[in-house]
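Numbering follows numbering that gives the first Met the number 0, in which position 52 of the sequence shown is assigned residue number 51; successive positions increment by one, without gaps. In this text, a Cβ means the ideal position worked out from N, Cα and C, and glycines have one as well.
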Amino acid sequence: MSKSFKFTFLFFLLLIFSTYVPKNENETKSLVLPIKSIKVKNTKIIDERLLIENLSYLIGKNILLIDKDKIKFTIMKFDFVSSFKIKKIYPQTLEIIINEKKPVAIYMDGKKRLFISEKGKVINYIELQEFSNLPIVFGKKIKFKSFFDDLKKINFPINEIESLHYLDIGRWDIILKNEIIVKLPKENYRDILQKFLLVYNDDDFEKYKIFDYRIKNQLILN
């Protein structure tokens with residue numbers, strides 16, 4: 000019998016006899032390479048202990064035979080999970096590395112608050128001090144991601160935005176924390192915003208609170 004055949008034969012025997020059912024438990028446990036520890040890394044918002052508790056069914060399972068689809072189903076139930084990686088640390092530890100969604104705005108759906116992630120995904124709102132000063136977004140059927148991406152591309156001072164208002168006709172108004180209002184047209188708003196940034200800190204414009212760009216090739220100040 001060749002060594003490779005012998006190794007393969009023993010490996011299959013190992014898999015066949017690697018589980019047993021304890022008398023007082025319904026879940027199958029493994030005698031070989033059982034998971035004894037689950038670690039979660041890279042979480043700032045998600046409750047690490049609660050996630051580990053939800054994954055506790057993996058304790059005692061063979062680390063080689065974990066059901067990745069079931070793990071994914073369990074982890075993705077947590078709103079703030081964007082993606083994750085599973086790392087096996089032999090012989091008995093499973094490490095879950097989480098990539099969290101990052102809220103960049105608060106969306107007002109009627110009286111209900113929701114977070115919006117940088118990828119435009121809606122997340123259930125929870126009270127978090129670090130996100131208490133995010134811009135508030137109003138409007139229905141908003142096209143937030145493309146608009147927010149454009150703001151970032153032109154280095155618009157997002158931290159100075161108080162609120163964003165999407166109107167039914169398909170255009171945005173920006174209200175800054177210093178009470179300046181920027182009324183944008185439906186088309187070519189990115190070029191308009193770049194023009195606004197050129198005059199935003201100009202002393203000659205500091206007395207104006209409304210910058211109205213809705214009419215093509217015109218700026219109405221008030």
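Let me confirm a value: ILE97 is counted as buried when at least 16 other C-beta atoms fall within 10 Å, else exposed. Which label applies? The count along the sequence shown starts at 1 and reaches residue 97 at position 98. So ILE97 ends up on the buried side.
Assuming contact is defined by CB atoms lying nearer than 8 Å, are ILE180 and TYR212 in contact in what I supplied? The residue given as residue 180 occupies position 181 in the sequence shown. The residue given as residue 212 occupies position 213 in the sequence shown. At least 8 Å separates the beta-carbon of ILE180 from that of TYR212.
Endpoints, the beta strand (DSSP E) within which PHE114 is located: For this step, residue 114 is matched to residue 115 along the sequence shown. Under the DSSP assignment, PHE114 falls in the beta strand (DSSP E) whose first and last residues are 111 to 116.
Do you know whose CA, among LYS101, TYR165 and GLU129, lies nearest ASP108's CA? Counted from its first residue, the sequence shown places residue 108 at position 109. Nearest C-alpha to ASP108: TYR165.
Does the Cβ of LYS40 have 16 or more other Cβ atoms within 10 Å, making it buried, or fewer, making it exposed? Locating residue 40 in the sequence shown gives position 41, counting from the first residue. In the assembly as shown, LYS40 is an exposed residue. Its beta-carbon has fewer than 16 other beta-carbons within 10 Å.
With DSSP run on the structure shown, which of helix, strand or coil describes TYR207? Locating residue 207 in the sequence shown gives position 208, where the first residue counts as 1. Reduced to three states, the DSSP call for TYR207 is coil.
Could you give the DSSP three-state label for GLU186: helix, strand or coil? Translated into positions along the sequence shown, residue 186 becomes position 187. Judged by DSSP in its simplified three-state form, GLU186 adopts coil rather than helix or strand.
For the region 80 to 91 and the region 56 to 63, state whether three or more C-beta atom pairs, one from each stretch, are separated by less than 8 Å. Segments in contact, yes.
Counting C-beta neighbours from all protein chains within 10 Å, is the total for LYS182 16 or more, i.e. buried, or is it exposed? The count along the sequence shown starts at 1 and reaches residue 182 at position 183. That one is buried.
Determine which residues share a DSSP beta bridge with PRO102 and list them. If you number the sequence shown from 1, residue 102 lands on position 103. Answer by DSSP bridge pairing, in chain order: SER116.
Other residues of its chain near VAL136: CB distance less than 6 Å, five sequence neighbours each side excluded: In the sequence shown, counting from the first residue as 1, residue 136 sits at position 137. These residues qualify, in order along the chain: ALA104, TYR106 and LEU163.
From ILE58, GLN217, LEU49 and GLU52, pick the residue whose C-alpha is nearest to that of LEU30; which is it? Working through the sequence shown from its first residue, we reach residue 30 at position 31. Out of ILE58, GLN217, LEU49 and GLU52, ILE58 has the C-alpha closest to the C-alpha of LEU30.
So GLU99 and SER81 are in contact, right, with Cβ under 8 Å, and what is the actual spacing, rounded? As a position in the sequence shown, residue 99 is number 100, starting the count at 1. As a position in the sequence shown, residue 81 is number 82, starting the count at 1. The pair is a contact, with the Cβ atoms about 6 Å apart (cut-off 8 Å).
Using only the alpha-carbon positions, how far apart do ASP172 and TYR188 sit? Here residue 172 refers to the residue found at position 173 of the sequence shown. Here residue 188 refers to the residue found at position 189 of the sequence shown. Take the alpha-carbon of ASP172 and the one of TYR188: they are about 10 Å apart.
When the Cα of ILE45 is compared with those of LYS71, ASP78, LYS35 and GLY169, which residue comes out closest? Against the sequence shown, residue 45 aligns to sequence position 46. Nearest C-alpha to ILE45: ASP78.
Beta-carbon separation of LEU197 and ILE209 under 8 Å? Here residue 197 corresponds to residue number 198 of the sequence shown, with the count starting at 1. Here residue 209 corresponds to residue number 210 of the sequence shown, with the count starting at 1. No, they are not a contact pair.
Leaving out five residues on either side along the sequence, give the residues of the same chain with a beta carbon under 7 Å from the beta carbon of GLU178. Here the question's residue 178 lines up with position 179 in the sequence shown. Taken in chain order, the residues that qualify are LYS208.
Just to confirm the assignment, what range does the beta strand (DSSP E) spanning LEU175 have? In the sequence shown, the residue the question calls residue 175 occupies position 176. Here the beta strand (DSSP E) through LEU175 covers 171 to 175.
Could you spell out where the alpha helix (DSSP H) holding GLY163 opens and where it closes? To locate residue 163, count along the sequence shown from 1; it is residue 164. What sits at residue 163 in the sequence shown is Leu, not Gly. Here LEU163 belongs to no alpha helix (DSSP H); instead the beta strand (DSSP E) covers 160 to 165.
Assuming GLU117 contacts LYS101 under a Cβ cut-off of 8 Å, what Cβ separation, rounded to an integer in Å, is found between them? Locating residue 117 in the sequence shown gives position 118, where the first residue counts as 1. Locating residue 101 in the sequence shown gives position 102, where the first residue counts as 1. Indeed they touch by this definition, with Cβ atoms about 5 Å apart.
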